[in-house]
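Numbered by mature numbering (1 follows the signal peptide of the UniProt record, and there is no 0), the letters in the sequence shown go through residues -23 to -1, 1 to 424 in order. I have placed the structure first, in the form of structure tokens, so that the comments after it can refer back to it.
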Amino acid sequence: MSVKFRPAFFAMAILAVPAGGLAAQEPATVAGAAKAINLETFPLMPGGVSKAPRRLANLGYSARSDTRGAFAFQKKTLEERGWKELPGGYQSDQACSGTFGKDGFTVSVSTSPAYGPGAAGLVDIRLANHGNVDVSKLPVPPGSKPLYTFPTTTAYVTEKTVKETSEAIRALLTAEGWEPYGHAGDSLFFKKNAVKLSAWPSVAPAQGGKTVIQLSTELMSVDLPAPPSLLTAAYADTTKALSLEVDMKSDALAAFYKEALGKAGWKATTDKPVKIDFRDMMIFRNDAKDIATLKMHEFEGRLRANIDQKTAAEFEEDIRLAAAEEAKRMADSAEYTKKAAEKAAKDRVKVAINVPAGAKDVERSKDKVEFKLAAGEAMAAVQAIHAALVKDGWKGKTPKFEPLAGTSTLGKKAGVSLVIVYVDTGLDDADVMISLFGADVEGAKAK
């Protein structure tokens, strides 16, 4: 981690300007932050294109403009919503930056020329919500003296060593309810509700070798707790995921998340983790049908885990895109092999596909079979269909079938293949689709 300051900011820093009168208050929850501002729905400049999935706490996009014009658009849009620009801003033809405050929250804005192929005339725009914690009011070790304060960062200097300072910071913040949330080098991370706090004690040669403490915060788009026995952790807002290492077993970590997420209205879909490949997995859903996925595996005597959160719409879109990508890949391959088969003047293969008992909304066409099953029945049904086709001479790698969704690809000969795709969220009827390439469906009654 490194912090760079422009000369234009330095005089302001020495004066230790308060962040626009931001009041000390309980760190924001996700719901509370969304009421203040939701960058996922924040207006873009005309023609603006987001570079990554939009999130509650962060927004990055490109638009055709210059740095000053792009900054002016963000400033105007924020001010129309009651935000006030705070001291310490900077504007030039090369870059613009500033911070805005409202109801204790702070949002930073930066604009700079875009780089890369086709970037001429484009500007990169970034907005980040830093939450509602005034870092200048956080506890610091006794004897620490203020060095500078910006709306999003406060620094102190102390005679204590980095190690002594780190231990004191950890004790002071945990005493005020901040939960340890990993570290990176000497930087310590803490979390309270949906606000992540960074505390970085480091040796500063410019301060005569004394220790400088830098405090800053960022808002998290989702509130992903971490257990007390945390060894390492890394949160990424872009993916809304937390990667961690803990000194505990998978059942214990699953139990922790069942309790911690349960307080926020999440419910596990299984009593215990389910083994898939080399990982243990547990799924959580809430009333909004959002999904949180916990994956765990042992590595060199430690438990590595990843937990991410997706909205119901994001999850369904992931499944749709994966199925579409696989179908397109197979379609492209089938087109090539189909032409080869046509040149060989081979007869088309007739395929008998027996749908399982209880199948609903069965639809058959020349090259496709579709049907629905009760929730939780898709994986077993697809396994049975796959096994029957293999027994009938179809060849292909047997995939690792998973409860939520999956695909299976089989081939008969050159130019003849089929793809089975299923989606089974466990909440609604499961969908199964079998697409044929270079072959025809032969009618068959349900068993």
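Glycine included, each C-beta is placed from N, C-alpha and C at the ideal position.
Sequence-distant residues of its chain with Cβ nearer than 6 Å to PHE292 (five each side left out)
ILE268
Quick one: residues in its chain with C-beta nearer than 7 Å to the C-beta of LYS187, no 5 flanking neighbours on either side, listed in chain order?
VAL134, THR135, GLU136 and ALA181
For HIS363, which three-state DSSP category applies?
helix
According to DSSP, simplified to helix, strand and coil, what is TYR212?
strand
Pop quiz: LEU387 and GLY373 are said to be a contact at Cβ under 8 Å. What is the actual Cβ separation, rounded to whole angstroms?
4 Å
Around the Cβ of PHE276, are there at least 16 other Cβ atoms within 10 angstroms (buried) or fewer (exposed)?
exposed
Can you tell me where the beta strand (DSSP E) holding THR288 begins and where it ends?
Here THR288 belongs to no beta strand (DSSP E), and DSSP marks it neither H nor E.
Can you name the start and end residues of the beta strand (DSSP E) that GLU275 belongs to?
268 to 276
Quick test of your reading: ALA245 and ASN106, contact by CB under 8 Å. State the CB separation rounded to the nearest angstrom.
Actually they are not in contact, since the Cβ atoms of ALA245 and ASN106 sit about 30 Å apart, beyond 8 Å.
Looking at C-alpha atoms only, which residue of VAL396, ALA334, ILE260 and ILE190 is the closest neighbour of LYS122?
ILE190
Starting from THR54, trace the beta strand (DSSP E) both ways and give me its first and last residue.
First-last for THR54: 44 to 57, but that is the alpha helix (DSSP H), not the beta strand (DSSP E).
Integer-rounded CB distance, given that LEU395 should sit under 8 Å from ALA416
7 Å
Taking THR131 as the reference, which of VAL400, THR194, LEU33 and GLY162 has the closest Cα?
THR194
For PRO178, list the residues DSSP reports as bridge partners.
ILE190
Taking PRO204 and ASP228 to be in contact with their CB atoms under 8 Å, please state how far apart those CB atoms are, rounded to whole angstroms.
Contact doesn't hold; Cβ gap of about 13 Å is too wide.
Taking GLY9 as part of the alpha helix (DSSP H), name the residues at either end of that continuous run.
7 to 13
Within the segment 94 to 161, ranges of the beta strand (DSSP E) (whole runs, at least 3 residues)
99 to 106, 122 to 126, 130 to 135 and 156 to 161
Three-pair Cβ contact test at 8 Å for the segment 95 to 106 versus the segment 35 to 46:
yes
Rounded C-alpha distance that separates SER412 from ALA317:
19 Å
Grab me the residues of GLU347's own chain with a C-beta within less than 6 Å of its C-beta, minus the 5 sequence neighbours each way, in chain order.
GLU340 and MET410
Taking all protein chains shown into account, do 16 or more other C-beta atoms lie within 10 angstroms of the C-beta of GLY75, making it buried, or fewer, making it exposed?
buried
Would TRP60 count as contacting chain E if we go by Cβ distances under 8 Å?
Judged by its chain identifiers, the structure shown contains no chain E, having just a single protein chain.
Rounded straight-line distance, which links the Cα of ALA47 to that of MET22
8 Å
Going by beta-carbon coordinates alone, are MET258 and LYS272 separated by less than 8 Å?
yes
Would you kindly check if the distance between the Cβ of ALA407 and the Cβ of ALA357 is under 8 Å?
no
For the segment 158 to 173 and the segment 196 to 214, state whether three or more C-beta atom pairs, one from each stretch, are separated by less than 8 Å.
yes
Just to confirm my understanding: we take ILE296, look at its own chain, exclude 5 residues before and 5 after, and list those with CB closer than 7 Å. What are they?
ALA382 and VAL400
Is the beta carbon of ARG279 closer than 8 Å to that of GLU222?
yes
Which class does ASP228 belong to by DSSP, given the choice of helix, strand or coil?
helix
Going by DSSP, what residues sit across from SER89 in a beta bridge?
ASP101
Within the same chain, show all residues whose beta-carbon is closer than 8 Å to that of ARG281, passing over the 5 residues directly before and after it, in chain order.
SER220, LEU221, GLU222, MET273, HIS274 and GLU275
Reference LYS315, options THR83, ALA299 and LYS389, closest by Cα
LYS389
I'd like to know whether the C-beta atoms of GLU302 and VAL398 end up nearer to each other than 8 Å.
no
ALA(-1) to TRP60, Cα distance in whole Å?
Confidence is the limiting factor: at ALA(-1) the pLDDT is only 42, short of 50, which leaves the residue's position unreliable, though a coordinate-based value still follows. Near 15 Å, if we compare the C-alpha coordinates of TRP60 and ALA(-1).
Considering only residues of the same chain and omitting the five flanking positions on each side of PHE(-14), which have a CB-CB separation below 6 Å?
Reliability fails at PHE(-14), whose pLDDT of 30 lies under 50, so the model's placement of it is uncertain and the value that follows must be treated cautiously. For PHE(-14), where only same-chain residues beyond five positions count, there are no Cβ hits under 6 Å.
Would you identify the three-state DSSP class for ALA421, choosing helix, strand or coil?
Interpretation of ALA421 is limited by its pLDDT of 46, a score under 50 that renders its predicted location unreliable; the figure taken from the coordinates is listed afterwards. DSSP places ALA421 in coil when its eight states are reduced to three.
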